[in-house]
Amino acid sequence: MLANPTYKQLEASLRIGALTIGQWAQLLIFAVLALVFAVYVSPLPTGLTVFVSVIFAGSPVALSFGAMAQEWSVVEAIRAQWRWVSSPRKYLPGPGASATGYSIAPDRRPPVTDEPVASHALTDNDRGELWDL
9 MLANPTYKQL EASLRIGALT IGQWAQLLIF AVLALVFAVY VSPLPTGLTV
59 FVSVIFAGSP VALSFGAMAQ EWSVVEAIRA QWRWVSSPRK YLPGPGASAT
109 GYSIAPDRRP PVTDEPVASH ALTDNDRGEL WDL
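Going by this note's numbering, the sequence shown opens with residue 9, and the numbers climb by one from there.
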């Protein structure tokens, strides 16, 4: 069977070089932030400031580029982590809300007595029922 790659290309996101438009925007934003850090904020020596700035500017794009081949979304994973971290973990003492679902009914079988059971020989029918237990 022949596959036509044209439709895949139509659905693919726009790329300039190897990066998408969103990745280029990330690179630009983090490069500006790294430049501001290097020039105005950094108390580190020059060599270490350059190293930290390059790592800071390139990390989001590198993570985004690496996650393109994955079947999960980095943004959704971060949102799920935030929901888990921000959910309450303290529970009040007590039974909480009443349970819903199955209800347990009292046993309607006759009570067991201590009277001796009359012994009798097992028939073929009784032996068959024993295997069903």
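Quick reminder that beta carbons are idealized off the backbone N, C-alpha and C, glycines included.
All figures in this text were calculated on a predicted structure; none of them were measured in a lab.
- In the DSSP assignment, residue 45 falls outside any alpha helix (DSSP H), carrying neither H nor E.
- Under the DSSP assignment, residue 55 falls in the alpha helix (DSSP H) whose first and last residues are 54-75.
- A residue is called buried once 16 or more other Cβ atoms fall within 10 Å of its Cβ, and residue 61 is buried on that count.
- In the structure shown, residue 97 falls within a coil segment according to DSSP collapsed to helix, strand and coil.
- Sixteen is the threshold: when 16 or more other Cβ atoms of the shown chains lie within 10 Å of the Cβ of residue 69, as they do, the residue is buried.
- Spatial neighbours of residue 29 in its own chain (CB-CB distance under 6 Å, excluding positions within 5 residues in sequence) are listed in chain order as 22.
- With respect to residue 42, residue 65 sits close: the two C-beta atoms are nearer than 9 Å.
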